[in-house]
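Comments concern the structure below.
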Amino acid sequence: MVTEPILFIDACVRKNSRTRRLAEALLSSFGKPYHVHDLSKLGLKPLDEKAIEHRDACIRHVNYQDYPLAKEFAKAGTIVIAAPHYDSSFPSALKVYLENIYVMGLVTRYDASGRPVGLCKAEKLYYVATSGGPMETRFGYEYVRALATEVFGIKETELIYVDNLDLIGVDGEKKVDEYIASHF
1 MVTEPILFID ACVRKNSRTR RLAEALLSSF GKPYHVHDLS KLGLKPLDEK AIEHRDACIR
61 HVNYQDYPLA KEFAKAGTIV IAAPHYDSSF PSALKVYLEN IYVMGLVTRY DASGRPVGLC
121 KAEKLYYVAT SGGPMETRFG YEYVRALATE VFGIKETELI YVDNLDLIGV DGEKKVDEYI
181 ASHF
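Dropping the structure here:
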């Protein structure tokens with residue numbers, strides 16, 4: 001059962017993204033409101049030395065006011081990530097987002113032996129993707145799955161995808177529509 005709140009992380013850059021359409025169908029099937037973070041509009045930047053030093057100081061002083069995205073991620077009951085499969089991975093905006101929410105004391109901590117202990121409340125993370133060719137999960141979904149379950153403490157992940165959409169003779173839009181009709 002999907003619990004509140006639901007967080008939708010949209011890493012799709014195209015206006016008419018097939019991945020976003022697939023994710024929105026999943027979200028609609030929950031029948032509950034959700035909060036969207038469109039990564040193309042958040043203006044996040046990769047962490048540089050200054051940002052890392054600031055984050056480290058905030059962690060030392062247990063001052064997390066500058067990390068609302070990390071707080072929201074940690075509190076979400078369900079997380080849906082829409083990430084098209086580009087160049088055998090996901091869009092760089094998703095990596096930058098993950099880098100920006102990876103705050104010790106909010107999403108994870110270390111135990112006495114140095115092992116990560118997840119602090120996130122989410123029962124499940126859905127990773128939604130489409131791909132023009134064959135879907136290779138090792139460099140996209142598997143990375144996010146490992147972070148979610150082994151570091152952030154999210155109990156379960158599920159990959160939802162439709163691939164081979166841009167092969168010659170394939171109607172990619174129709175294939176996505178058929179998947180949505182048969183699964184949601």
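Each step along the sequence shown adds one to the number in my numbering, with nothing skipped, and position 59 is 59.
Using N, Cα and C, we set each Cβ at its ideal position, and we do this for glycine too.
Source: prediction; values computed, not measured.
Any idea if L22 is buried or exposed, counting beta-carbon neighbours within 10 angstroms, 16 or more meaning buried? buried
Measuring alpha carbon to alpha carbon, tell me which residue in S17, V144, C58 and H183 is nearest S89. The shortest C-alpha to C-alpha distance from S89 to any of S17, V144, C58 and H183 is the one to V144.
DSSP bridge partner residues for R109 (one or two, in chain order): V117
Among D66, L27 and P134, which residue has its Cα nearest to the Cα of T78? L27
Please state whether the Cβ-Cβ distance between G153 and C120 is less than 8 Å. yes
Decide if E53 is buried, meaning its Cβ has at least 16 other Cβ atoms within 10 Å, or exposed. exposed
Any idea if F8 is buried or exposed, counting beta-carbon neighbours within 10 angstroms, 16 or more meaning buried? buried
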